[in-house]
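Here's the structure, in structure tokens; my notes come after.
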Amino acid sequence: MPRSAIAEMRTGLRNKIVSLAGTINGLMAALNPFIWDRPLDDPAKIVGMDAFAQQVALTLKGQTNVALFGPRDTGKTTFTNQLALELGRDHGPDAPAFDVVKINLQRVVSIPGFIGCVHDALSAHPDRHLRRSAQRQFEALEKEIGFDIKVIKGSVKSVARTTEQDAEALHAQLVSMRKLSNHLVVIFDEFQRLAHCPGDPLAVIRSALMSSGANHVSLLFTGSIRTVLQMMLEDSSQPLFGEAAQLQLPVIGRIEFLEYLEFQFQATSKPAEEAALEHLLNLTAAHPRRTQQLAWECWNETRPGRPVQLQTVIDAHNDLVQTIERSEFSAMLDLLISGDDGEVNEVRALQMLADRGGQKLTSRPLVARYGFSSAARIKPTLLRLQRRGLIDEHRGVWRIVDPFFEEWLRRSSPLADTYPE
Ligand SMILES: Nc1ncnc2c1ncn2[C@@H]1O[C@H](COP(=O)(O)OP(=O)(O)OP(=O)(O)O)[C@@H](O)[C@H]1O
Ligand SMILES: [Mg+2]
128 MPRSAIAEMR
138 TGLRNKIVSL
148 AGTINGLMAA
158 LNPFIWDRPL
168 DDPAKIVGMD
178 AFAQQVALTL
188 KGQTNVALFG
198 PRDTGKTTFT
208 NQLALELGRD
218 HGPDAPAFDV
228 VKINLQRVVS
238 IPGFIGCVHD
248 ALSAHPDRHL
258 RRSAQRQFEA
268 LEKEIGFDIK
278 VIKGSVKSVA
288 RTTEQDAEAL
298 HAQLVSMRKL
308 SNHLVVIFDE
318 FQRLAHCPGD
328 PLAVIRSALM
338 SSGANHVSLL
348 FTGSIRTVLQ
358 MMLEDSSQPL
368 FGEAAQLQLP
378 VIGRIEFLEY
388 LEFQFQATSK
398 PAEEAALEHL
408 LNLTAAHPRR
418 TQQLAWECWN
428 ETRPGRPVQL
438 QTVIDAHNDL
448 VQTIERSEFS
458 AMLDLLISGD
468 DGEVNEVRAL
478 QMLADRGGQK
488 LTSRPLVARY
498 GFSSAARIKP
508 TLLRLQRRGL
518 IDEHRGVWRI
528 VDPFFEEWLR
538 RSSPLADTYP
548 E
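So that you can map any letter, position 371 of the sequence shown is 498 in our numbering, and since no number is skipped, the others follow by simple counting.
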């Protein structure tokens, strides 16, 4: 064989090895692209919120406060991340870039807890300058009014403080926060928690962040329990009555979600069959967290280079529905079923919704079959479940918010499919 032919063979072989190594590397390096255990912060992974983020950003920059409702796990916190990016953009001379402080009220049940959350939000703020000026403000407060976060958080022993003193400290802290920027949006995530907080935190917010010295501050309140959030803003005896435009977090369009999933599976060398994707979204009704979780599970169950098939989705879904057995949902159901009449009614209503869907719920045979003492019990029961964030109503139709919980209930219901309508 001539030398040149051998050299050519060698080069060809080397190229093949290099390209094979690249493919193997690519396959090994691909990480599961789906996230379901925490809010998303990478804007490239946030589906379908661009237009809404812009709308809300402009509303806030126009000095209108916004209350945003969205059921559990449907993407409120994720949305606030996208919104913060949008607020940081310059939208013209009337709407320059805004600074954003995000305060997570998820676990707040007292004013000192609220103060701790504000402190945490500022001391972990991504903007270094803002973080440092917050520190300086707090030091100044310490000198001025003896505000000491270590005392408030309880890590240092102190004489008992009164609720009024705590409310004053919160007020001072919020006033100093508003001085941090000339254009500021404060986001209160899970705002409805404050409904049960003693010491009138809403009045403190109103006086510190909505009074004459705070024209440069706009507020966003998010909440997952619609009725509670509404009560805080629509009841004329509440300090924040009528102070915010109420918006609903939009659902992610099915096609948009489908295209996103298709792209992510493809890009990580596990292309999904059309039927698999369609079925995945049918099973989750495009519920954001559950869709991502099911996609995550399907991805894990598929070998690199292999397609995600319909059966993959069916199996993964079965596995996930079974996990409800050990979740907070079933723990709550156990509590309800051994509770008083009102609570047992909640179990009845959940089963009825899971089995029959959310229409015509007061028909007489249904009422008797599920053990309600009368049809009049159903409406108040649905409202109780709504206050727990388990069900929601849209255009007169009630539904269970979490599609896996719903499926688990249906599978374990003694009455499902027994009596065709
Ligand atoms: N815009 C989105 N695009 C794609 N997936 C999303 C989007 N928003 C939320 N998700 C999915 O839903 C999950 C929950 O999102 P997030 O924590 O933002 O919801 P939440 O409404 O704040 O929940 P909670 O009520 O528990 O506070 C995320 O981990 C992600 O999987
Ligand atoms: Mg959240």
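Note that CB positions come from ideal geometry on N, CA and C, so glycine has one too.
If you're wondering where the values come from, they're calculated on a predicted model, not measured in any experiment.
Runs of the alpha helix (DSSP H) lying entirely within the segment 320-387 and spanning at least 4 residues, in chain order: 328-336 and 353-361.
Nearest in C-alpha terms to I332, of all of N445, V245 and Q233, is V245. Every beta strand (DSSP E) stretch that sits fully inside the segment 219-279 and reaches 3 residues is listed by chain position as 226-231.
When only Cα atoms are considered, K270 and L301 end up about 16 Å apart.
Per DSSP, reduced to three states, the secondary structure at E520 is strand. For the alpha helix (DSSP H) assignment, the uninterrupted runs of no fewer than 4 residues enclosed by the segment 150-198 are, from N- to C-terminal side, 177-188.
Per DSSP, V313 is one residue of the beta strand (DSSP E) stretching across L311 to D316. For A399, the three-state secondary structure derived from DSSP is strand. By the neighbour-count definition (other C-beta atoms within 10 Å, threshold 16), N342 is an exposed residue. If the five residues before and after A422 are omitted, its C-beta is found closer than 6 Å to the C-beta atoms of F161 and L388, all from its own chain and listed in chain order.
Per DSSP, the beta bridge partners of I527 are I518.
In the DSSP secondary-structure assignment, V435 is bridged to A399.
With contacts defined as CB atoms closer than 8 Å, D529 and R353 fail to qualify as a contacting pair.
Per DSSP, reduced to three states, the secondary structure at Q486 is coil, with no helix or strand assignment. Taking a 10 Å sphere around the C-beta of L214, we find 16 or more other C-beta atoms and assign the residue as buried. Restricting attention to F318, V471 and E533, the CA atom closest to the CA of G197 is found in F318. Separation of P223 and L185 (C-alpha to C-alpha, rounded to the nearest whole angstrom) is 10 Å. With fewer than 16 other Cβ atoms inside 10 Å of its own Cβ, R433 counts as exposed.
Excluding sequence positions up to five before and after P325, its CB lies within less than 8 Å of the CB of S237, I238 and T290, all in the same chain and listed in chain order. D467 sits in coil when the DSSP states are folded into three classes, being neither helix nor strand.
In this structure, the C-beta of K203 approaches ligand 2 to less than 7 Å from one of its heavy atoms. Residue environment: T489 is assigned as exposed (fewer than 16 neighbouring CB atoms within 10 Å of its CB, all protein chains considered). As the crow flies, the alpha-carbon of Q365 is around 31 Å from that of K277.
For D446, the shortest C-beta to heavy atom distance toward ligand 2 is 7 Å or greater.
Using a Cβ distance threshold of 8 Å, D226 and L268 do not count as a contacting pair. Shortest Cα-Cα distance from S500 to any of L346, L408, D362 and A476 involves A476. With a cut-off of 8 Å on Cβ pairs, the segment 172-183 is in contact with the segment 197-207, counting three or more such pairs. With a threshold of 16 other beta carbon atoms within 10 Å, S351 meets it and is buried.
Counting C-beta atoms within 10 angstroms of its own C-beta, Q438 has fewer than 16 neighbours from the protein chains shown and is therefore classed as exposed. Linking R305 to Q182 through their CA atoms gives a straight-line distance of about 23 Å. Non-local C-beta neighbours of Q419 in its own chain, meaning closer than 8 Å and more than five positions away in sequence, comprise F161, I162 and W163, ordered along the chain. With respect to the C-alpha of P398, the residue from P415, E424 and P431 having the closest C-alpha is P431.
Secondary structure at T429: coil, using DSSP grouped into helix, strand and coil. In the three-state reduction of the DSSP assignment, T204 falls in the helix class, which pools H, G and I. Using a cutoff of 7 Å, the CB of P415 counts as near ligand 1, since one of the ligand's heavy atoms is closer than that. Sorting A413, G498, Q436 and L360 by C-alpha distance to the C-alpha of E383 places A413 at the top.
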